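In this text, residue positions in the sequence shown follow the working numbering: the first is 506, and each later residue adds one.
C-beta: ideal position from N, C-alpha, C; glycine also.
Just so you know, these numbers come straight off a predicted model, no measurement behind them.
Scroll down for the structure; my scribbles are underneath it.
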Amino acid sequence: MFRGSRWKIAVYGRDHGVPHFHIEGPDFRCSVSIASFDLIVGTVPAAVLAEALDWARPHQALLMQTWQELNG
506 MFRGSRWKIA
516 VYGRDHGVPH
526 FHIEGPDFRC
536 SVSIASFDLI
546 VGTVPAAVLA
556 EALDWARPHQ
566 ALLMQTWQEL
576 NG
């Protein structure tokens, strides 16, 4: 969906729980709520989280639409 320099944001089909997206990198993976942008589970460096959320916040509707299409 979106890639930073050493990480990516992904939304997967057949996923469970509240609507969320993943931030993934070579040494970390976490899930973040689309509605609140709270960290649900996993670890992520603070700088990566900040950078990813800077992209995710203005794209919240796109993230939710993608989640619903893949998991609806």
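Nearest residue (CA-CA) to residue 561, options 520, 523, 537, 551: The shortest C-alpha separation from residue 561 is found at 537.
Residue 564 (DSSP reduced to helix, strand or coil): helix
Beta-ladder partner(s) of residue 510, from DSSP: BP columns for residue 510 are empty, so no partner.
Start-to-end residues for the beta strand (DSSP E) that takes in residue 533: 533-538
Residue(s) in a DSSP beta bridge with residue 528: 514, 535
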